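Chemist: Below is the structure I would like to discuss, written out as structure tokens.
Numbering (this note's numbering), first residue to last: 3 to 1232.
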């Protein structure tokens, strides 16, 4: 008898807790029919959500089953109390179309282990799958799942509200004990031939009932769905995601133990912190503790022994060990196997092929005692996988283990197995070794009688816990020791008694010698302790050293001087509109750019920075021309960019070869096969003297450090960084580009302040609103600004926002437009009607709903290529993926409008149909190319990159004449037939002369030797997403003629100045903003604390930890409230810091820049709203009245106060007596 295993089970997301009912608001649950829902094809059911909203919202599925069975029927009764009905359609190739209906009792789901269906070994000689083998695989899988013993872990795939745009995660929603595994089902109407061919015509679903609530629990996400700060606390992301794939997988006792231990922590938060009453949490906690004890017993002493025997290729011993373990003879079996392998003692009944056994013994004979100890004594304690799926033990024992992050010999791993979870870097997201997995083997249950390998408060355990937490602090490069300590002790407090320990700050000094092997300890000026991962700290110091050294370098000995006239010639573009409309103004702009070029040209390290439209690419081209003149045409230089899309654009605009940084590193051996970076061993680049690096704001610290390791600094002459520092910071550690700009000497910085696009728009009468609006989201360091700049900037910002609020889009603002919306349905119609109106006006063509493609076709026309399409004509952008205003919901809406016919036919392949606008979200570099038909070359492998946009069209196989039996008529093209179901389509990416097929049965290709093979299947879901609406992150690096931007108010804590600045500057000629409700959505994002970069702990050139209060703002933040310890991060000037601190010290309640609305709807942003003796006043710190524009603004503001809030205005001025002035005001009014 096999030891029982547990299972994972994927659920469709349910907004009301999988309670056996239709969601209260079906249309709001966009995840239910998301791309990653269960089962596949849920996207096609989206139109049913409208039906549910109208007729069945909140209804019990058991009461409406005669009329309607929802698409989520397999999942929605996981925690329900009634019997519901599920249905599944027979395969489309069956003779008789059958809808199989079956009952799901309370607490029952329907699921299937899909992974068991797709083993290559189960194919027939003709390449088709053998269904007998398939069903036998499933039965073998399910045989290991036992009623009343196994656990079932419910999870949601990426289609869930807790996943971020760039951080997609599986979410555990609850679990329980398996109560009943229901019988296998078959299709009643299947023919005898179908039953014979398809192993009885079995249904790919198994109902499984859990023993909830007596044995189980559900996380009440539904109760807190509108409270993101609480969802963050109870979100259950499995640390090891590999158990949660393919809808259903086995989960071992060891992995289940890790999940249940984490569940105890979430139950504690619900019970004690949130005082949640949705379940009997005391009873749940008691049950979870019972499960922990049970899992430890079932896990046993040596859960890794079967994996070790897999590594040794001894299945006979593996079966023996499992059999003996199930008979409670685990220890004896373990010793028998060791004696068999090391001493030749026979085991009764075990016969192994002599050659295979001899190979094992030969291998062991080459290993020293410590290596044998590691394989046969240490590894059996840990369930580290060795299977067809993962080769973790092979990678650990390999001489090339450094490829997987293990730069240690075996003796070090024997001495401290925690090194495995500290350093192991797997070959994919499934390939990881968690802290819990190692900790289970280091400190096993006392009841097992196995000696621990460490103590619960040991130095090596403490370090492993620190490292585990430090791995999760990005984008910060360091964090406070007390923060890490708090997280460690909280985690340990929910473990079994023998694994609990309360570490103290003293441990950082007591265990210093052990810690400093992998962690850097650093104290600030107040002796507060901070921690870095050693690798992160070394990366930071390497970058700092090279930047500081190269900054000092002056370049001389030019073969030919580059004069000011040369620069102006290089920069001058006779085709420029500005040159045509106002030559003098253009000459002035070119002169400013020439000064930047001249300024930085003799520097070893320099930065070219500027916002959208400032001409960065033009300057780069001119710098290249200058280099070729000064050093000769043959001078070696290289253009680099962090993404494939950015490299392509750089290549196109400069006319020179450009590469991604990753490809540069890979060619020189600085990247491992698993795409991690090497810290040594790669080849130094010695031939390239000049590097120009574009989109530098997107480069994280790890990538920059690896690039620096790959450069021979004795041969490099100069490095030029190019980018916009106001855009989104990189995903990863640090904020390198922003820190370089802040630190670099002024003479090395080429800041492009002249905005050519703004000038051109103004001259052509198009307005400058886009860039004016973007400017209010630029965060300035107030230490760099004088009062003049601060006051002037704030006045301009206020006037711009007032004009937006008044919907006055004339003169300078004619290139922007703002609409306000109250709910998501209103937003959809408003966006669509606005889009249609603008497209009609632009193309002088009326929108015809029945021929919707006519207007779109005209819009996307490429004037330079009659067969191509331009994807950048307009773009909807949203800061969020989820919610009804997120990209998922907006894509569905616009697909229904802009690809209406295919949407209504539900003719999708992974949610995408022909004639959809899509975006490639996965890099397909040289190491993983994709096939495409390239004219003149045939089907060949090409590279495509994340962020490329394009359109789908019918595959050539589906454009031929076709007779449709369902309607008895011919169609000129197959895809037009009513019975047509898409199995494939072709993608054309903008700017590429390549036709990329997706789906299955997509054609053939020829090898160099003339052999013909079928093209491999390419699943759209693994590469593509709809792109009618895209996220701000995905838009970064692209520009569009017209941007439609959604600006919601809620979830504002996730928005930042950088995010909105990036979104706004994607628009070239027109920006239309759809803001929720009123102007406050804009006002929130102009606040100083909305600056994300300022809240990243990094120490590239200066070690100045940001206050911890800034890191936990969600715990205390109220808009306008100032926390004294971080006032400098929340106001705009030094004088305002003084005022804020004095008000705090005197306990005067106040708010900073809290919007003040008059009865007529007009508003201003008082510097401080203060309360004295129960009365509200408005304190303004007056700026430079000697400046005419500011003075006029101030006088207008005073009149507004006098009219709307008489006798409530208080003023201070920039004088040496500021503190006394504030003191006087406080005393007079208190």
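We put the beta carbon where it would ideally sit given N, CA and C, even for glycine. Because the structure is a prediction, the values reported are computed rather than measured.
1) Could you give the uninterrupted runs of the beta strand (DSSP E) lying entirely in the stretch 881-953, keeping only those of 3 residues or more?
2) Contact check, residue 1085 vs residue 1047 under 8 Å by CB: the rounded distance?
3) Tell me which same chain residues have a C-beta within less than 6 Å of the C-beta of residue 1195, skipping the five on either side of it?
4) Going by DSSP, which residues form a beta bridge with residue 1075?
5) If we ignore side chains and look at the alpha-carbon of each, how far apart do residue 1215 and residue 1183 end up?
6) Strictly by DSSP, which residues pair up with residue 112?
7) Can you give me the Cβ contacts of residue 218 inside the same chain, cut-off strictly under 7 Å, excluding the 5 residues immediately before and after it?
8) Would you list, in sequence order, the uninterrupted beta strand (DSSP E) runs of no fewer than 3 residues that lie entirely inside the stretch 414-447?
9) Following the continuous beta strand (DSSP E) through residue 867, name the residue where it begins and the one where it ends.
10) Which word fits residue 673, buried or exposed, when buried means at least 16 other C-beta atoms lie within 10 angstroms of its C-beta?
11) Once the 5 residues before and after residue 997 are set aside, which same chain residues still bring their CB inside 7 Å of it?
12) Beta-carbon within less than 8 Å of residue 1168's beta-carbon, same chain only, minus the 5 sequence neighbours each way: which residues are those?
13) If you draw a straight line from the C-alpha of residue 830 to the C-alpha of residue 1146, how long is it?
14) Here's a check: name, in chain order, each residue in its chain whose Cβ is nearer than 8 Å to the Cβ of residue 1204, leaving out the five neighbours to either side.
15) Can you tell me whether residue 1226 is helix, strand or coil according to DSSP?
16) Give, in chain order, every unbroken run of the beta strand (DSSP E) that is at least 3 residues long and sits entirely within the stretch 614-696.
17) Can you round the beta-carbon distance between residue 676 and residue 428 to whole angstroms, since I take them to be within the 8 Å contact cut?
18) Would you say the stretch 364-373 touches the stretch 472-490, given that touching needs at least three Cβ pairs under 8 Å?
19) Could you spell out where the beta strand (DSSP E) holding residue 1014 opens and where it closes?
20) Count the other CB atoms within 10 Å of the CB of residue 1163; is the residue buried (16 or more) or exposed (fewer)?
21) For residue 474, count neighbouring Cβ atoms within 10 angstroms of its own Cβ and tell me buried if that reaches 16, exposed if not.
22) What first and last residue would you give for the alpha helix (DSSP H) that runs through residue 144?
23) Using the three-state DSSP reduction, which class does residue 751 fall into: helix, strand or coil?
24) Do you know how far the Cα of residue 519 is from the Cα of residue 306?
25) Figure out for me which residue from 1065, 1051 and 1027 has the closest Cα to the Cα of residue 1045.
26) Taking residue 737 as the reference, give the member of 762, 755 and 700 with the closest Cα.
27) For residue 651, count the other beta carbons within 10 Å of its own beta carbon; 16 or more makes it buried, fewer makes it exposed. Which is it?
28) Checking 8 Å against the spacing of the C-beta atoms, do residue 754 and residue 621 come in under that value?
29) Tell me whether residue 611 sits in a helix, a strand or coil according to DSSP, three-state version.
30) How would you label residue 786, buried or exposed, when you count the other beta carbons within 10 angstroms and need 16 or more for buried?
31) In chain order, what are the residue ranges of uninterrupted alpha helix (DSSP H) at least 4 long that sit wholly in the stretch 694-779?
32) Grab the span of the alpha helix (DSSP H) containing residue 1098 for me, first residue to last.
33) Verify whether the separation of the beta carbon atoms of residue 24 and residue 63 is less than 8 Å.
34) Using a Cβ-Cβ cut-off of 8 Å (strictly less than) and excluding sequence neighbours within five positions of residue 604, which residues of its own chain qualify?
35) Enumerate in chain order the residues of its own chain whose CB-to-CB distance from residue 1277 is below 8 Å, with the five nearest sequence positions on each side excluded.
36) If we require 3 or more residues per run, which beta strand (DSSP E) segments fall completely within the stretch 450-532?
Modeler: In this structure, then:
1) 919-922, 932-936 and 940-944
2) In fact, because the Cβ distance is near 16 Å, the residues do not count as touching under 8 Å.
3) 797
4) 820 and 1047
5) 6 Å
6) 209
7) 176, 177, 178, 179 and 212
8) none
9) 867-871
10) buried
11) 934, 935, 988 and 990
12) 1155, 1156, 1158, 1180, 1181 and 1182
13) 45 Å
14) 1211
15) helix
16) 639-643, 660-662 and 692-695
17) 7 Å
18) no
19) 1014-1016
20) exposed
21) exposed
22) 133-145
23) strand
24) 28 Å
25) 1065
26) 700
27) buried
28) yes
29) strand
30) Residue confidence for residue 786 is low, a pLDDT of 48 falling below 50, so the modelled location carries little weight and cannot support an answer.
31) 703-711, 738-745, 758-765 and 771-777
32) Where residue 1098 is concerned, there is no enclosing alpha helix (DSSP H), given that its DSSP letter is neither H nor E.
33) yes
34) 556, 557 and 558
35) A query on residue 1277 cannot be resolved here, the shown segment of the chain reaching from 3 to 1232 and no further.
36) 521-525
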